[in-house]
């Protein structure tokens, strides 16, 4: 079992190389008999089972959202390539159109409802749709009309 | 002093010494099993047979290294005696980072490497920069060091990047990113399969194996889609596109296998009941998202369009050379047929002759470049324009302590 879970240590981030209470722990003599010793300072006892790694507390690392927000506040020159500006632009090819009912390639669009459909057969179904329900089909491709 | 090269990808860490021929691949994640609730760090997951419904914890967020508690645990494992047997204080480190890494994250990397692990020295650069170092070997087939002009197409786990390089420096105006990578393809396959056949939404590990074994890039998408029509359940005499993937039972097989190619595991389950996943047009319709991100609702052009745009953003005199020196690397570039498809798509849009080269193993392309850098096969001796020998590039721990984080970042900026 790997040492995955690190205990949270509240250590000052400035004193990374010389964590205070760990030094105390190193200097203290290992106590032979816990019961007889009458310990009143647990920090002063060596804990051989505990990982004495020198890692900092993890609390100070920012997540991506915070990092991105922080970098965005900097004044980047216009036209200077950054993380936000290197996204590949949209395709030059026309958007592919699929039937809203069947998912087959859509040759036609119903001008009344804007529903795309594959063939006359499917159009029979489009015609029978109760008013308003075509919006649910349009919502699937974010083409529905949202009233605010 | 040994040099350790660590290509810290968001799916796997490619780690190995300059004296090794190839790196070790270690999953860059902490995994927890669903049933037994055991936690496995990095490569320890290979020792487990209970890989159903794994819960992944990755140190990467959208391709950027942010969860350091997780990464430290994995690096501990990687440097330990069980894996790389590394003594940081007497090791030179070469580490990779994503393109346009944020200053904050770069600072954290430097800090961790020098202050936590106390490595003797460090070279930090984007993975594509290292791929360029090894590009001469791939493109020209000799040990001719870095080519002067390369366009790197790095299709990784999180993103696909297109980066033009001239004389060892990236041309920043030409960098393009398509938000499609291996992880997206795996998730897309997972969703498609769950919708059509079995619910595989929790089985990322298995679906990743299915993707690696079964998926390919079609050379003519609509022709293949037509050929695959009516091929339900993998049974179709007319074509060879359909196949059946035998899902693992976790006793005889761990990741499952393609029916008829299972080898030993298959012979043991002749009469046992197996769950079979039929695959047909999923095999090539999933990787098609690389060329048509609009299929999955991304408003971006495909990687071929990104390549053309990247080249067109560069100086006119470089365009022809860039098109002739395209280097394809990254884990997702191992998809069969990707190179040929990219070649034909880009050629159709380009007035220049297009030549795409890919290393034998695209996954370790960047690592091999880092290795050549460490061995001194790149640099002034070989290519006079190259900005750096590894000695100049390297930053020692003493220098780090002298300069401080900001000037260290500036130092590495000089070389990319």
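Protein chains in written order, with the numbering used here: chain A, 1432 to 1579; chain B, 1003 to 1418.
Note that beta-carbon positions come from the ideal geometry of N, C-alpha and C, so glycine has one too.
Between the alpha carbons of residue 1018(B) and residue 1092(B) lies a gap of roughly 15 Å. A Cβ of chain B is located within less than 7 Å of the beta carbon of residue 1498(A). Runs of the alpha helix (DSSP H) spanning 4 or more residues and lying entirely within the region 1078 to 1166 of chain B occur at 1105 to 1113, 1129 to 1135, 1137 to 1142, in chain order.
The beta-carbon distance between residue 1284(B) and residue 1191(B), rounded to whole angstroms, is 6 Å. This is short enough to meet the 8 Å contact definition.
Listed along the chain, the chain B residues whose CB falls inside 8 Å of the CB of residue 1514(A) are 1102, 1104. Here residue 1402(B) has 1112, 1116, 1124, 1410 as same chain residues with Cβ atoms under 8 Å from its own Cβ, once five neighbours each way along the sequence are excluded. Proximity of the region 1311 to 1328 of chain B to the region 1345 to 1352 of chain B meets the contact definition, three or more beta-carbon pairs being nearer than 8 Å.
About 5 Å separates the beta carbon of residue 1157(B) from that of residue 1335(B), a gap short enough to meet the 8 Å contact definition. For residue 1261(B) and residue 1216(B), the gap between their C-alpha atoms comes out near 11 Å. The continuous beta strand (DSSP E) containing residue 1280(B) extends over residues 1278 to 1281. Using a CB distance cut-off of 7 Å, residue 1302(B) counts as an interface residue toward chain A. Runs of the beta strand (DSSP E) spanning 3 or more residues and lying entirely within the region 1287 to 1369 of chain B occur at 1328 to 1331, in chain order. For residue 1066(B), the closest Cβ of chain A is nearer than 7 Å. Across the region 1107 to 1128 of chain B, CB contacts with chain A closer than 8 Å involve 1107, 1110, 1117, 1118, in sequence order along the chain.
In the DSSP assignment, residue 1062(B) is bridged to 1067(B).
Contact check for residue 1342(B) against residue 1360(B) fails: the beta carbons are separated by 7 Å or more.
Contact holds between the region 1018 to 1028 of chain B and the region 1069 to 1086 of chain B, because three or more Cβ pairs, one in each stretch, are under 8 Å apart. Listed along chain A, the residues sitting closer than 8 Å to residue 1308(B) by beta-carbon distance are 1519. Between the region 1191 to 1201 of chain B and the region 1224 to 1233 of chain B there are fewer than three inter-stretch CB-CB distances shorter than 8 Å, so the stretches are not counted as touching. By the rule that beta-carbons nearer than 7 Å mark a contact, residue 1070(B) touches chain A. Neighbours of residue 1494(A) in chain B, taken as residues at a C-beta separation under 8 Å, are given in chain order as 1063, 1068, 1069.
A direct Cα-to-Cα measurement between residue 1495(A) and residue 1099(B) gives close to 15 Å. Going by DSSP, residue 1496(A) is part of the alpha helix (DSSP H) stretching over 1495 to 1503. Per DSSP, residue 1207(B) is not a residue of any beta strand (DSSP E); the alpha helix (DSSP H) it occupies stretches across 1206 to 1216. Between residue 1174(B) and chain A, the shortest Cβ-Cβ separation is below 7 Å. Taken atom to atom, the span from the alpha-carbon of residue 1065(B) to that of residue 1353(B) is near 33 Å.
With contacts defined as CB atoms closer than 7 Å, residue 1418(B) and residue 1131(B) qualify as a contacting pair. By the neighbour-count criterion, in which 16 or more other beta carbons inside 10 Å mark a residue as buried, residue 1170(B) falls on the buried side.
According to the DSSP assignment, residue 1533(A) belongs to no alpha helix (DSSP H), since it is labelled neither H nor E.
Across the region 1523 to 1554 of chain A, CB contacts with chain B closer than 9 Å involve 1523, 1524, 1526, 1527, in sequence order along the chain.
Distances from the CA of residue 1173(B) to each of 1186(B), 1152(B), 1286(B) were compared; the closest alpha carbon is that of 1152(B). Close CB contacts of residue 1376(B) within its chain, under the 7 Å cut and outside five residues either way in sequence, are with 1005, 1007, 1020, 1096, 1392 (chain order). Per the coordinates, the alpha-carbon of residue 1053(B) lies some 8 Å from the alpha-carbon of residue 1256(B). In the structure shown, residue 1223(B) falls within a helical segment according to DSSP collapsed to helix, strand and coil. For residue 1493(A), same chain residues with a beta-carbon under 8 Å away, outside a window of 5 residues either side, are 1501 in chain order.
Here residue 1119(B) is buried. Its C-beta has 16 or more other C-beta atoms within 10 Å.
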